[in-house]
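Numbers 100 to 357, taken from the working numbering, label the letters of the sequence shown in order.
Backbone N, C-alpha and C define an ideal beta-carbon position, used for all residues, glycine too.
Since the structure is predicted, the reported quantities are computational estimates derived from the model, not experimental observations.
Notes to accompany the following structure.
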Amino acid sequence: MTKTVNLPGGTALPLIGFGTWQLPPKTAYESVRAALEIGYRHVDTATLYQNESDVGRAVKDSGLDREQIFVTTKLRPQDARHARRTLESSLRLLDTGYVDLWLIHWPTSRDELVPTWQELLAAKDAGLVRNVGVSNYSPAQIDLLTKATGQQPAVNQIPWSPSQHDPALLEEHRHRGVVVEGYSGLKNTDLHNPVLTEIAQRHEVTPAQVVLRWHLEHDIVILPRSSRRERIATNFDLQGFALTTEDVTAIDTLTQAG
100 MTKTVNLPGG
110 TALPLIGFGT
120 WQLPPKTAYE
130 SVRAALEIGY
140 RHVDTATLYQ
150 NESDVGRAVK
160 DSGLDREQIF
170 VTTKLRPQDA
180 RHARRTLESS
190 LRLLDTGYVD
200 LWLIHWPTSR
210 DELVPTWQEL
220 LAAKDAGLVR
230 NVGVSNYSPA
240 QIDLLTKATG
250 QQPAVNQIPW
260 SPSQHDPALL
270 EEHRHRGVVV
280 EGYSGLKNTD
290 LHNPVLTEIA
300 QRHEVTPAQV
310 VLRWHLEHDI
320 VILPRSSRRE
330 RIATNFDLQG
340 FALTTEDVTA
350 IDTLTQAG
C-alpha cells in the first residue's frame, strides 16, 4: 500500500506518483498501464504533454476503479483566459468526469495570477476537479492567491532533488499547509555521487531508489518517470528499506556541494 498525504479537503494523495512528461502517445499509454499494474495509484499529466488521451485510455484499460487512481493535469499559463474550456478539453481527452488535482503549470503574468486562481476554484466548486494547486510558484505568489480568495493551493509542484534541497523553502510550504510535489528529482541528480552510491550499496538498492526514498523521508511527493517497465518497478519499490537519520542528513548536505 502506497503511503499517502492528506490534502486540505481530505483527499489522500499517494506520495509516489508516475510522471508522464516527454512520454509520446504510445509510450505514455504503455508506461501508465505498466505503472498501474505495478501498483502506482497516482498519475501526473498536463495539457502541455499532449498525452492526456493516452493516459486516460491507460487508466480506463487498467480495469481499476476510477476512484482508486489519483489523476493530475495542468493548465498552461497561456490558456488561463479560457481555463474552463481547457479543463473541459482535458476531461474529454482523459475520458473522465473529474480530475483529482488541477494545477496551474507556471505563474501567469502578475495581473492574471488571482483571476486564474479564481477560475480553478470555480472549477472545483463545479465538481470538475477535486483539488486545485499550483506549480513553480513562490511562497509570496501563494500568499497573494490565498489573501485574495481566502483559499490556498493544496499543492505546489516544484523542482526538488538533493542538490536543490532547501529546508527553509520546505518549511515555508509546511507552515502554510501546502503539500510539496517534487519533480525532476532524478534528472537533476548525479547518481554516481559517492554519498549516494555508498548508501545504495549498504541498503542493497540503486542510487535512484535512495534519492526517491529520501524525498519520501521528507514527505515530498515524487513523480518518477520512465518508459522501461523494470525501471518503473524499481522506482516504486521503496518500502523494503528505510534511510537512517545519518543517511538523510548526508543527502541533505549535497546541496552545499552541488
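Item: Where T105 sits in the DSSP three-state scheme; Value: Note that residue 105 is Asn in the sequence shown, not Thr. Three-state DSSP puts N105 in a strand.
Item: N-terminal and C-terminal residue of the beta strand (DSSP E) that F169 is part of; Value: F169 to L174
Item: Close-in-space but distant-in-sequence residues of the same chain around T103 (CB under 8 Å, 5 per side omitted); Value: A111, L112, P113 and L114
Item: P176 to E187 span [Cα, whole Å]; Value: 16 Å
Item: Burial state of E303 (16 or more Cβ within 10 Å); Value: exposed
Item: Close beta carbons around L315, own chain, < 8 Å, minus the five adjacent residues each side; Value: K102, L114, I115, I321 and L337
Item: Of the listed residues I168, D210, L269 and A133, nearest to R180 (C-alpha basis); Value: D210
Item: For F340, three-class secondary structure by DSSP; Value: coil
Item: Three-way DSSP call (helix, strand, coil) for V228 in this model; Value: strand
Item: Helix, strand or coil at G357 [DSSP, three-state]; Value: Here G357 scores only 45 on pLDDT, less than 50, and its place in the model should not be relied on; the value that follows carries that caveat. Three-state DSSP puts G357 in coil, outside helix and strand.
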